[in-house]
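Report on the following structure.
Number of protein chains: 2
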Amino acid sequence: MRIGELAALVGVSTRTVRHYHHQGLLPEPARRLNGYREYELRDAVVLARIRRLTELGLSLDEIRDVLADDEGRELRDVLLELDADLARQQAEITTRRDRLAALLAATDLGPDSAMSPALAEVLGGLPAGGSRFAAFDRQVLGLIEAAAEPAHRDGFTALFRPLTEPDAVRRGHALNARMDELADATPDDPRVAALAADLAAHLPDEMVTALVDSLDDPDSSHWLEVTSRELPPAQQAVIRSMVELLKERG
Amino acid sequence: MRIGELAALVGVSTRTVRHYHHQGLLPEPARRLNGYREYELRDAVVLARIRRLTELGLSLDEIRDVLADDEGRELRDVLLELDADLARQQAEITTRRDRLAALLAATDLGPDSAMSPALAEVLGGLPAGGSRFAAFDRQVLGLIEAAAEPAHRDGFTALFRPLTEPDAVRRGHALNARMDELADATPDDPRVAALAADLAAHLPDEMVTALVDSLDDPDSSHWLEVTSRELPPAQQAVIRSMVELLKERG
DNA sequence: GCTTGACCTTGCCGCAGCGTCAACGTTTCT
DNA sequence: AGAAACGTTGACGCTGCGGCAAGGTCAAGC
């Protein structure tokens, strides 16, 4: 048998057969005088076994090990491990499809497409008008939703609750406006402390504890610092001051 | 923000961020005087969106298209297509796990590990003794099981039925022995025609039709020729003769 | 004898999505 | 001043082959 016949017999390409030779999976057969490889039925049997194992999802390395260890319990171990891996993949795909479905449902509703339904609702409550600070809110909320660890997500989302709860939208509008007014102020402006106090006052206790817990993690406090870094100084001062107040409460 | 901060914020490596720049997914930000990239919050938001889409399973190319087409129905189309793809993958993994389970169950039973339970049973019925031809049977059955198209599998497996059915094992033993006797005979030996007739006589009609159908396909008849090629001439003659008899019956 | 076409040979590039050096400059802390 | 921890570009490595290049070989038909 020449390589083309072997390949057709088993249902692979000649390129695949040569690849298996190169990887040491299938031993190189004898050559004819002209250099052609000359296969026997045994080679086809081995090749077919290799194919069956690859179709099950084993890597070529694993198959080489299995074939080398000559039919022992090695195969069982590899197969069990593979099954566990496949189970993991199944669960992963299910998760992804669930998120996809949620995302598709959200795109049917509104333009805030690439976010979770919960966040889209929150953003819908944010005043869309000319507030500069509301735009900042949106960016940070989007980041938290997409990137923060789930453990910290609740704490940080809490920071924005006073601006976004349904019966607080108008109050949130006012708070954002007061932030906007501080764009050109200095950090020692008296309105800074006043606004920080008002923001802190609107946070319910359980959210404060979640937030304070998050801030214990150095990664998270760095998160807060980096995101607020491009705000004007007075606005940064508001946030720092508010966080201090919350830490005292927690 | 420098690249390390950005990466930590979103939860990726700096290598990943640079890779996205290189692929045109994330625009290159302004540089500081020393050449360092200087990021803003907007970049983190975009990066986080890219991550969410990759985690859903979109390719970087697709994500680039989606981001470019700026939130249109493009996204919906891609997501729907992706969901279909994931559904396909799920089905595929389920199939593989089913086969894995069958294979694991088989390895619990006997040493003929990498074959289906049905085939393992058949092989168990084959005489294991010194018959050279029985060894050939094993090889070809293994090949058929693993490699032949399912459509042709039944036809070819049929060829071996007379040797392997439970109440025919002893007869099979005899037939194999008669094949062995022909190892050094010439194709015109009278025992060739006799053995071919006996083999053909033991095939039930429905198997004959399946086999003859398979032989209409040029691929399949080539299959038969290649596998028998390394047999001694008289044994090849038996098979050719038997196939002729079967064609007349079908 | 010559061409044509279907085989075969080796060898190297390409793919996706980064990880992982290498070889070097910058900033920051001590 | 030196070390640690950043940053820069660039190039190779991984999987499982597909595809191409640049030939050599062989059977059939003119």
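Protein chains in written order, with numbering that gives the first Met the number 0: chain A, 0 to 249; chain B, 0 to 249. Beta carbons: idealized from backbone N, C-alpha and C, even for Gly. Predicted model only: the values in this text are computed from it and were never measured.
Per-residue DSSP class, three states only, for residue i
i	result
residue 152(B)	helix
residue 37(B)	strand
residue 263(B)	Look at the range of chain B in this structure, 0 to 249, and you will see that residue 263(B) is not part of it.
residue 101(B)	helix
residue 57(A)	coil
residue 177(A)	helix
residue 75(B)	helix
residue 263(A)	Nothing about residue 263(A) can be read from this structure; chain A reaches only from 0 to 249.
residue 220(A)	helix
residue 18(B)	helix
Cβ of residue i within 9 Å of any chain B Cβ
i	result
residue 113(A)	Annotation note: pLDDT 47 at residue 113(A) (below 50); position unreliable, no value reported.
residue 43(A)	yes
residue 221(A)	yes
residue 311(A)	The structure shown does not extend to residue 311(A), since chain A spans only 0 to 249, so no value can be given for it.
residue 159(A)	no
C-alpha gap between residue i and residue j, whole angstroms
i	j	result
residue 39(B)	residue 79(B)	32 Å
residue 48(A)	residue 0(A)	18 Å
residue 102(A)	residue 198(A)	32 Å
residue 192(B)	residue 243(B)	11 Å
residue 66(B)	residue 25(B)	10 Å
residue 111(A)	residue 135(A)	Here the model assigns residue 111(A) a pLDDT of 48, short of 50, so the residue's position is not dependable, and the following value carries that caveat. Whole-angstrom Cα-Cα distance: 15 Å.
residue 58(B)	residue 52(B)	8 Å
residue 60(B)	residue 14(B)	18 Å
residue 82(A)	residue 237(B)	45 Å
residue 214(A)	residue 220(A)	5 Å
residue 141(A)	residue 50(B)	12 Å
residue 88(B)	residue 34(B)	44 Å
residue 56(A)	residue 77(B)	27 Å
residue 46(A)	residue 73(B)	44 Å
residue 132(A)	residue 22(B)	32 Å
residue 235(A)	residue 62(B)	34 Å
residue 94(A)	residue 175(B)	56 Å
Start-to-end residues for the alpha helix (DSSP H) that takes in residue i
i	result
residue 215(A)	204-215
residue 232(B)	232-248
residue 4(B)	2-9
residue 187(B)	Taken as a continuous stretch (DSSP letters only), residue 187(B) belongs to no alpha helix (DSSP H), as it is neither H nor E.
Minimum Cβ-Cβ distance from residue i to chain A less than 9 Å
i	result
residue 13(B)	no
residue 60(B)	no
residue 92(B)	yes
residue 229(B)	yes
residue 156(B)	no
residue 234(B)	no
residue 116(B)	Here the model assigns residue 116(B) a pLDDT of 49, short of 50, so the residue's position is not dependable, and the following value carries that caveat. Residue 116(B) does not count as touching chain A.
residue 242(B)	no
residue 225(B)	yes
residue 139(B)	yes
residue 27(B)	no
residue 68(B)	no
residue 178(B)	no
residue 17(B)	no
residue 216(B)	no
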